[in-house]
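Colleague: Just so it is clear: in the sequence shown, position 19 is 925 by the numbering used here, and no numbers are missing.
Provided herewith is a single structure, encoded as structure tokens, for subsequent inquiry.
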Amino acid sequence: MRLVSTASIQSGATLGQTIYRDNGTVLLQRGMKLTDRLVKRLENQGITYVYIEDELTKDIVVQPAISERLRQDATTSMKKLFTDVQKSNLLSNSFILDKEEKSLMDIIQRIMDEINNHQESITLLGDIYLTDDYIFQHSLNVTIYALAIGTELKLNAKELSELGKGAILHDIGKIFISQDILQKPDRLLDDEYETMKTHTTLGYELLRKNHSYSSVVAHCAYQHHERLNGTGYPRGLVGESIHLFAQIIGVADVFDAVTSNRVYRKAMLPHEGLELLYSAAVDQFDSRIINAFKNSVAVYPNGMTVELNDNRYGVVLKQNKHLCDRPIVRIIQDEYGIDVTPYTIDLSKELNITITKCNLS
907 MRLVSTASIQ SGATLGQTIY RDNGTVLLQR GMKLTDRLVK RLENQGITYV YIEDELTKDI
967 VVQPAISERL RQDATTSMKK LFTDVQKSNL LSNSFILDKE EKSLMDIIQR IMDEINNHQE
1027 SITLLGDIYL TDDYIFQHSL NVTIYALAIG TELKLNAKEL SELGKGAILH DIGKIFISQD
1087 ILQKPDRLLD DEYETMKTHT TLGYELLRKN HSYSSVVAHC AYQHHERLNG TGYPRGLVGE
1147 SIHLFAQIIG VADVFDAVTS NRVYRKAMLP HEGLELLYSA AVDQFDSRII NAFKNSVAVY
1207 PNGMTVELND NRYGVVLKQN KHLCDRPIVR IIQDEYGIDV TPYTIDLSKE LNITITKCNL
1267 S
């Protein structure tokens, strides 16, 4: 399978990976021939990249970060919790959070099991789906990234459990924010942005009053927008005043936000998102967390066409776990742009060779 931009798909191309709706139903089935009308439909629905089949890459496997069944179960659980809390009164909130805690713990454990059993570094770019509920998919993605980072940082089982709960619930305060603001298709005005920022305090106040969730989980909701240099919100905390778990979730939150499509902004590719994190690591993020993230998440997903520093072109064949910017690449063109009999190079061994550009056309 080869990863290409939706805008570059030629009529008649064969879809290489099923595209799902967030309720688990199929939008387009793998193996379907893509017509101009279907391509335009994908573009209109905000799907920027898809996998297509071709002869050179037919053996390339893309392993989802989590199974489709787990993604659907997790989304359903979060949707139920957030919706029930939103509709209830303050006296009922605690009961609802208590009741759903076991379900969330089950989801977190299943995510951990699938991450640990993953044969390669995780990537969510291959999990192509259409969603109408960004907040739930975002919270799930942040949880996957945060747990991957926590695992790389050698957190113990109890710590990972707390980190997972904090990640799943980090944006729960947004249930109290007007849908006009949450769903606004343009950038927020200053006053709208100030309202949006209150979701951190609202989430903290909700969680800190519940005995099923520790103060650490509540502080993940409170602090995930804080930055080491004091430029974050809501309190402008500095350095170690920000809990480690909130720092981890903050990194995962930014990465997923910039690599997800929004109405007003095209998604970055994973390596672009990582570059943004590194640029901010100078004073906003802990470099240990960024490095743990880099060692956990594939920044050049399988099936992506790449240009190397010696001008050869290839397609990412598979990942080197814990060396996520040094994948195994199948070379398809030489330095003169001439097609060659494909052969592979391992960038973890060819240290003088680097990826300089991605080509999705």
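Note that the Cβ used here is the ideal one computed from N, Cα and C, for glycine as well.
Rounded to the nearest angstrom, what separates D1252 and K1224 at their Cα positions?
Modeller: In the sequence shown, counting from the first residue as 1, residue 1252 sits at position 346. In the sequence shown, counting from the first residue as 1, residue 1224 sits at position 318. Going from the Cα of D1252 to the Cα of K1224 covers about 9 Å.
Colleague: Spatial neighbours of D1192 within its chain, please: CB distance less than 7 Å, with the 5 preceding and 5 following residues excluded, ordered by chain position.
Modeller: Position 286 of the sequence shown, counted from the first residue, corresponds to residue 1192. Answer for D1192: L1134, Q1153, listed in chain order.
Colleague: In angstroms with no decimal places, state the Cα-to-Cα distance between N1268 and S1254.
Modeller: This structure gives no information on residue 1268, because the portion of the chain shown stretches from 907 to 1267.
Colleague: Where does A1054 sit, in a helix, a strand or coil, going by DSSP?
Modeller: Looking up residue 1054 in the sequence shown gives position 148. Of the three classes helix, strand and coil, the one that applies to A1054 here is helix, per DSSP.
Colleague: So for S911, helix, strand or coil by DSSP?
Modeller: Here residue 911 refers to the residue found at position 5 when the sequence shown is read from its first residue. Three-state DSSP puts S911 in a strand.
Colleague: Which of the three DSSP states, helix, strand or coil, is assigned to Y1119?
Modeller: Taking the first residue of the sequence shown as 1, we reach residue 1119 at position 213. Looking at Y1119 - three-state DSSP - the assignment turns out to be coil, as it is neither helix nor strand.
Colleague: Reducing DSSP to helix, strand and coil, say where M1102 ends up.
Modeller: Residue 1102 sits at position 196 when you count from the first residue of the sequence shown. Helix at M1102.
Colleague: What does the alpha-carbon distance come out to for the pair L1143 and G1109?
Modeller: Position 237 of the sequence shown holds residue 1143. Position 203 of the sequence shown holds residue 1109. Cα-Cα distance, rounded: 17 Å.
Colleague: Just list the alpha helix (DSSP H) runs in the region 1169-1202, keeping only unbroken ones of 4 residues or longer that don't cross its boundaries, in chain order.
Modeller: 1176-1186, 1193-1200
Colleague: Note down, in chain order, each residue of its chain lying with its Cβ closer than 6 Å to the Cβ of G1156, except the 5 sequence neighbours on either side.
Modeller: Counting from 1 along the sequence shown, the entry for residue 1156 is found at position 250. Excluding sequence neighbours, G1156 sits near H1130.
Colleague: Given a cut-off of 8 Å on the beta-carbon distance, is the pair D1162 and H1044 in contact?
Modeller: The residue given as residue 1162 occupies position 256 in the sequence shown. The residue given as residue 1044 occupies position 138 in the sequence shown. Their beta carbons are under 8 Å apart, which means D1162 touches H1044 by this criterion.
Colleague: What are the start and end residues of the beta strand (DSSP E) that includes I1238?
Modeller: Here residue 1238 is taken as the residue at index 332 of the sequence shown, counted from 1. Here the beta strand (DSSP E) through I1238 covers 1234-1239.
Colleague: Could you give the residue range of the alpha helix (DSSP H) that holds G1220?
Modeller: Looking up residue 1220 in the sequence shown gives position 314. It is not in any alpha helix (DSSP H) - G1220 instead sits in the beta strand (DSSP E) that spans 1219-1224.
Colleague: Cβ of L1030 within 8 Å of Cβ of A1124?
Modeller: As a position in the sequence shown, residue 1030 is number 124, starting the count at 1. As a position in the sequence shown, residue 1124 is number 218, starting the count at 1. No, the pair does not count as a contact, with Cβ atoms beyond the cut-off.
Colleague: Can the beta-carbon of Y957 be found closer than 8 Å to that of M907?
Modeller: Within the sequence shown, residue 957 is the residue found at index 51, counting from 1. Within the sequence shown, residue 907 is the residue found at index 1, counting from 1. Result yes, Cβ atoms of Y957 and M907 sit closer than 8 Å.
Colleague: For A919, which three-state DSSP category applies?
Modeller: One-based indexing of the sequence shown puts residue 919 at position 13. In the structure shown, A919 sits in a strand (DSSP, three-state: E or B).
Colleague: Can you tell me which of the three DSSP states K939 falls into?
Modeller: As a first step, residue 939 is located in the sequence shown; it is residue number 33 there, counting from the start. DSSP, read as helix, strand or coil, puts K939 in strand.
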